[in-house]
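The numbering used here puts the sequence shown at residues 740 to 815. Here's the structure, in structure tokens; my notes come after.
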Amino acid sequence: MIPDSLGAFLKSAGHISGKRCYAFILNKGLRKGRVLSSLMKMMESEGMYLKKSDILANAAEAEAVGSKLHIEKTSV
740 MIPDSLGAFL KSAGHISGKR CYAFILNKGL RKGRVLSSLM KMMESEGMYL
790 KKSDILANAA EAEAVGSKLH IEKTSV
């Protein structure tokens, strides 16, 4: 379940509409696919452009992915 505080945070985050993003959750709990889908839907409802999404093993992996992540702009 996605906490309501995340939705409130995204609404108050400023100019995030149109930004290329990466959605991820940690591999804990049940219904991970549904939780990730809910997160992606919440981010997209705020206008964020999701380029990638994933279920990561732990916080260390999330930090490693974040340090290497470069979401490139694609030309259409």
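In this text, a Cβ means the ideal position worked out from N, Cα and C, and glycines have one as well.
Leaving out the 5 sequence neighbours to the left and right, which residues in its chain are closer than 6 Å to residue 774 when beta-carbon positions are compared?
764
Can you give me the start and stop residues for the alpha helix (DSSP H) that residue 798 sits inside?
798-807
Are residue 783 and residue 749 touching if we call contact CB-CB under 7 Å?
Not in contact: residue 783 and residue 749 (Cβ atoms no closer than 7 Å).
Drop a sphere of 10 angstroms on the beta-carbon of residue 798, count the other beta-carbons inside from all chains shown, and report buried for 16 or more, exposed for fewer.
exposed
Classify residue 751 as helix, strand or coil using the three-state DSSP reduction.
coil
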